[in-house]
Amino acid sequence: MLNSLRKAAKITAYAGGGLLGALALYGAAALTLSRIPVRRRRPDGPATVECFILSNGVHTDIVVPVRHAQMDWSRLIAYADTPAADASMDYLGFGWGDKGFYLNTPTWAELQPRVAFEAMFWLSTTAMHATFHHRPAEGPECVRITLTRREYNRLIRFILASFALDRRGRARHIEGHSYGRYDAFYEAKGTYNLFYTCNSWANAALKAAGQRAALWTPFDHGIFRHYR
Numbered sequence: 333m334l335n336s337l338r339k340a341a342k343i344t345a346y347a348g349g350g351l352l353g354a355l356a357l358y359g360a361a362a363l364t365l366s367r368i369p370v371r372r373r374r375p376d377g378p379a380t381v382e383c384f385i386l387s388n389g390v391h392t393d394i395v396v397p398v399r400h401a402q403m404d405w406s407r408l409i410a411y412a413d414t415p416a417a418d419a420s421m422d423y424l425g426f427g428w429g430d431k432g433f434y435l436n437t438p439t440w441a442e443l444q445p446r447v448a449f450e451a452m453f454w455l456s457t458t459a460m461h462a463t464f465h466h467r468p469a470e471g472p473e474c475v476r477i478t479l480t481r482r483e484y485n486r487l488i489r490f491i492l493a494s495f496a497l498d499r500r501g502r503a504r505h506i507e508g509h510s511y512g513r514y515d516a517f518y519e520a521k522g523t524y525n526l527f528y529t530c531n532s533w534a535n536a537a538l539k540a541a542g543q544r545a546a547l548w549t550p551f552d553h554g555i556f557r558h559y560r
């Protein structure tokens, strides 16, 4: 009996040590790789399209004009999909992430261990969170960027490729879910995990658009450090 308890204690100690080691390695990689910049490509024309990088302190959204000559997002994301249905909003923020986390965890206090586990280990599906805004105010958690037409076109393609559209090319609205009066959720493609988070997606969007970004980051501050 005593030997069995000792073996169990050793196994627990090894498992705990392994977990702590993995977390330390993950943290070190996030800290190191997020500091390595991916420089903005040389602009291929006049930068005229005003966009924003917006964080709520945890998630990063890419905010674009609702209507532009290159894309009218209101044809994909209807104002009527949000509780307010306020068509006066001129900007639209996109944030990709784990569907279970998005829909079941409106606040950190409501985070369930099962949801967190599934999100981290490739066991859940994903969703796109779309939020209408008036022009965002620049500040510590909101950065304005201007894109050329070609850069914006690449960003449009990246965002569209993240949606799980229906056969008619329409966004698949997840009804009955929103955080407030101006947002809605939609089915998305891809798998959320420890190495490709909501902030990794936003970072990849910036890379696609030829903007400054981190080599890799799972956290919002890994993006914003390159704009401060």
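Just so you know, this note's numbering puts 366 at position 34 of the sequence shown, and the rest follows in order with no gaps. From the three backbone atoms N, C-alpha and C, an ideal C-beta is built for every residue, glycine too. Note that the structure is predicted; figures quoted are calculated from it, not measured.
(request) For Asp376, count neighbouring Cβ atoms within 10 angstroms of its own Cβ and tell me buried if that reaches 16, exposed if not. (result) exposed
(message) On the criterion of 16 or more Cβ atoms from any shown chain inside 10 Å, does Ala534 qualify as buried, or is it exposed?
(response) buried
(request) Could you check the C-alpha separation between Val398 and His465 for me, to the nearest Å? (result) 9 angstroms
(message) Assuming His461 is part of the alpha helix (DSSP H), what are its boundary residues?
(response) Counting along the chain, His461 falls outside any alpha helix (DSSP H), though it belongs to the beta strand (DSSP E) covering 458-465.
(message) Rounded to whole angstroms, what is the Cα-Cα separation between Ala347 and Glu483?
(response) With a pLDDT of 37 at Ala347, under the threshold of 50, the modelled position of that residue is not reliable, and the figure given next carries that caveat. So the alpha carbons of these two residues sit roughly 47 angstroms apart.
(request) In angstroms with no decimal places, state the Cα-to-Cα distance between Tyr411 and Asp418. (result) Answer to the nearest angstrom: the Cα atoms are 6 angstroms apart.
(request) Kindly indicate which three-state DSSP category Asp552 falls into: helix, strand or coil? (result) helix
(request) Under the assumption that Val381 contacts Thr478 (Cβ atoms under 8 angstroms), give the Cβ distance between them as a whole number of angstroms. (result) 6 angstroms
(message) If you reduce the DSSP assignment to three classes, tell me which class Thr529 lands in.
(response) coil
(request) Helix, strand or coil for Phe517, going by three-state DSSP, please let me know. (result) strand
(request) May I have the straight-line CA-CA distance separating Ser387 from Asp393, to the nearest angstrom? (result) 6 angstroms
(message) Assuming the contact rule is C-beta atoms closer than 8 angstroms, Ala496 and Arg504 should be a hit. Round their C-beta distance to whole Å, please.
(response) Sure, about 6 angstroms apart at Cβ, within 8 angstroms.
(request) Return the first residue and the last residue of the alpha helix (DSSP H) that Tyr484 is part of. (result) Counting along the chain, the alpha helix (DSSP H) containing Tyr484 begins and ends at 481-493.
(message) Using the Cβ count rule (16 or more neighbours within 10 Å means buried), how would you classify Ala360?
(response) exposed
(message) Please report the straight-line C-alpha distance between Arg513 and Ile506, rounded to a whole angstrom.
(response) 15 angstroms
(message) Quick check on this structure: which residue in Asp422, Met460, Phe426, Leu408 has the alpha carbon closest to the alpha carbon of Phe433?
(response) It is Met460.
(request) Check each candidate in Tyr358, Gly427, Tyr423 and name the one with the smallest Cα separation from Phe490. (result) Gly427
(request) Report the residue from Gly389, Leu408, Asn525, Lys539 whose alpha carbon sits nearest the alpha carbon of Arg373. (result) Lys539
(message) Please list the terminal residues of the continuous beta strand (DSSP E) segment that includes Gly425.
(response) From DSSP, the beta strand (DSSP E) with Gly425 extends over 423-430.
(message) Threshold first: 4 residues or longer. Then list the alpha helix (DSSP H) segments lying entirely within the region 351-396, N to C.
(response) none
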